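> For our numbering, add 477 to where a residue sits in the sequence shown, where the first one is 1. Idealized CB from N, CA, C, for every residue including glycine. If you're wondering where the values come from, they're calculated on a predicted model, not measured in any experiment.
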Amino acid sequence: MKVPTEKQYMCIDLKSFFASVECVERGLDPMTAKLVVADTERKETTVCLAVTPALKKLGVKSRCRMYEIPKNLEYIVSPPRMKKYIEYSAEVYGVYLKYISKDDIHVYSIDEVFIDLTKYLPLYKMTAIELGETIRQDVYKTTGIPAAFGIGTNLYLAKVALDITAKKSPSFVGILDEESYRETLWDHKPITDFWHIGKGIAARLAEYGIYTMRALAHYPEQTLYRKLGIDAEIYIDHAWGREPTTIEDIKAYKTQKHSYGSGQILPRSYSYSEGLLIAKEMADKLCMEIFDKDLTARSMTLEIVYEGKDRDFSRGTHKFLYPTNSAKEIEDGIKKLYAKTTDTSLGVRKISIRFNNVEKQRCEQLDFFTDENKKIKENTQMKTINGIRKRYGKNSILKGRDLEKYATARERNRQIGGHKSGEV
């Protein structure tokens, strides 16, 4: 078999991954069992992290809230166990490595990867579908987790073949090239089903009467550039089924500027003072993380989302005098930024903090107002705290504010990605 003249990419996704893991752990069939993964200790408004295919067939949406599930349905509710899901994901990745070099795999998320199959087809004497099916069957045999996959002549088409074509196929397999993409999906609705087109972009396109990829492909490009800016090039390419980026390009890319951040949705509407405590906790946690990695930040951005249907928000940025990872400078900064940014009359429901222009720590520049001994003492304290937390756990050393009844640091220290790790 000759090497294909066109690239052959696969995008493979583990079906309802978190829910499938919970089914496998219980000896249930992930495709027929009725199970949702959700934190039952939170309100009924909590979002389900995963829903099994059997419940989806009954109309339950994959990211619904608990109260939206029909009361007449019988189903199992499993609390999230993020550590367990990471273990399964690593095991699945091990299966991929049996067939494909890591250089030809791009991990897109915990349950989804892109694979460049091109040079492996003549090696295994298989078509792209055959090799994809072989890998999928091995994943199921090894872990019990079912998967769907899409094959495409570029990364975009492989993703669309997975997201749209495979989901409508009884075999959970989709395949697209540029020609078949235009023949079968140019008039597909809603346009938000396509990769990279969210509700915001769809609304902006709708202002010009664009509801399909066909309409987008034939719309005057100059108008699109005025409306969408430089990103218009991506949407125009995708409308025609084109995508020049390869896995090799992704792996070679080195961003010049970095940011480091986190966000937290609060369990209820927090008052101004309660929100400040949470902001301090978050800033301190991020500070210790960049300190541990020997990084510094030039500025810090805070975004506050308020309680209410309109989801009003405010945002502000604080610039440090010099790139820093000092806990004192960052706490002083977050207090000033919070006071400047936050509306005291509204309830706080979500807080996001981002450190900007994060880079490796360089020789520190001191000024006449800096007490060098205090800086050395703080640096030593932070190193000690980090060392103890690494050895005995993140909750081994806490600040007094972390013990307040509405503080969240202790609970979040036991979580992975904002969800329960599954460890006691």
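(1) Looking at Gly706 and Cys488, is the spacing between their C-beta atoms short of 8 Å?
(2) Under 8 Å, with one C-beta from each stretch per pair, do the region 528 to 542 and the region 640 to 653 reach the 3-pair mark?
(3) Any idea if Leu550 is buried or exposed, counting beta-carbon neighbours within 10 angstroms, 16 or more meaning buried?
(4) By the 10 Å Cβ neighbour count, where 16 or more other Cβ atoms means buried, how is Gln485 classified, buried or exposed?
(5) State yes or no: is the beta carbon of Leu823 nearer than 8 Å to at least one beta carbon in chain B?
(6) Measuring only the C-alpha atoms, how far is Ile893 from Glu698?
(7) Which of the three DSSP states is assigned to Pro530 in this structure?
(8) Could you tell me the alpha carbon to alpha carbon distance between Ala638 and Ile587, rounded to whole angstroms?
(9) Nearest by alpha-carbon distance to Leu632: which of Ala709, Gly504, Ile727 and Tyr815 is it?
(10) Would you please state the rounded distance, in angstroms, between the beta carbons of Ala774 and Pro800? I believe it to be under 8 Å.
(11) When the Cα atoms are used, what is the spatial distance from Cys541 to His673?
(12) Taking the straight line between their C-alpha atoms, what separation do you get for Phe790 and Thr604?
(13) Between which residues of its own chain and Thr700 is the CB-CB distance below 8 Å, once the five residues before and five after are set aside?
(14) Just the C-alpha distance for Ser539 and Leu526, rounded to the nearest angstrom, thanks.
(15) Using the Cα positions of Tyr570 and Lys813, report the straight-line distance between them to the nearest angstrom.
(16) Please report the residue range of the alpha helix (DSSP H) in which Pro599 lies.
(17) What's the C-alpha gap between Gly629 and Tyr617?
(18) For Ala756, which residues in the same chain have their Cβ closer than 6 Å to its Cβ, ignoring the five residues on either side in sequence?
(19) Verify whether the separation of the beta carbon atoms of Lys561 and Val501 is less than 8 Å.
(20) Closer than 6 Å by C-beta to Trp717: which residues in its own chain qualify, once you throw out the five before and the five after it? Chain order, please.
(21) Give the secondary structure of Val769 by DSSP, where H, G and I count as helix, E and B as strand, and everything else as coil.
(22) My output table needs one value for Cys500: the three-state DSSP class, helix, strand or coil.
(23) In three-state DSSP terms, what is Gln838?
(24) Going by C-alpha distance, which of Asp664, Pro556, Asn802 and Gly740 is nearest Ile907?
(25) What span of residues does the alpha helix (DSSP H) with Thr611 cover, start to end?
(26) For Ile742, count neighbouring Cβ atoms within 10 angstroms of its own Cβ and tell me buried if that reaches 16, exposed if not.
(27) What residue does the alpha helix (DSSP H) around Val590 start on, and which one ends it?
(28) The beta strand (DSSP E) with Met559 in it runs from where to where?
(29) For Tyr749 and Thr778, what's the separation of their Cα atoms in angstroms?
(30) What do you reckon, are the CB atoms on Phe495 and Pro557 nearer than 8 Å?
(31) Cutting at 6 Å between CB atoms, please list the residues of its own chain near Leu491, excluding the five before and the five after it.
(32) Output yes or no for whether 8 Å exceeds the beta carbon distance between Tyr597 and Tyr573.
(33) When you compare each of Ile668, Ser803, Glu568 and Asp769 to Arg691 by their alpha carbons, which one comes out closest?
(34) Rounded to whole angstroms, how far is the Cβ of Ala515 from the Cβ of Met543, which I believe are closer than 8 Å?
Taking the coordinates as given:
(1) Not a contact, by the Cβ cut-off of 8 Å.
(2) no
(3) That one is exposed.
(4) buried
(5) Of the protein chains in the structure, only one exists, and it is not chain B.
(6) In this prediction, Ile893 scores a pLDDT of 49, lower than 50, which makes its location untrustworthy; the coordinate-derived value is nonetheless stated afterwards. If you take the alpha carbons of Ile893 and Glu698, they lie about 43 Å apart.
(7) helix
(8) Their backbone Cα atoms lie some 19 Å apart in a straight line.
(9) Ranked by how close their Cα comes to the Cα of Leu632, the residues Ala709, Gly504, Ile727 and Tyr815 have Ile727 in first place.
(10) 6 Å between Cβ atoms; contact.
(11) 21 Å
(12) Between Phe790 and Thr604, the C-alpha separation is close to 51 Å.
(13) Tyr685
(14) 8 Å
(15) Lys813 has its alpha-carbon roughly 45 Å from the corresponding atom of Tyr570.
(16) Tyr597 to Tyr601
(17) 22 Å
(18) Ile811, Tyr815 and Ile828
(19) No. Outside cutoff.
(20) Ala694
(21) Going by the sequence as given, residue 769 is Asp instead of Val. Helix.
(22) DSSP places Cys500 in helix when its eight states are reduced to three.
(23) When DSSP states are grouped into helix, strand and coil, Gln838 belongs to the coil group.
(24) In the structure as shown, the chain begins at 478 and stops at 901. Residue 907 is therefore absent and cannot be evaluated.
(25) Bounds of the alpha helix (DSSP H) holding Thr611 are Ala605 to Thr620.
(26) exposed
(27) Where Val590 is concerned, there is no enclosing alpha helix (DSSP H), although the beta strand (DSSP E) it sits in stretches over Glu589 to Asp593.
(28) Element bounds for Met559: not the beta strand (DSSP E) but the alpha helix (DSSP H), Met559 to Tyr576.
(29) 18 Å
(30) yes
(31) Asp588, Ile622 and Ala624
(32) With a cutoff of 8 Å on beta-carbon distance, Tyr597 and Tyr573 are scored as not near each other.
(33) Ile668
(34) 6 Å
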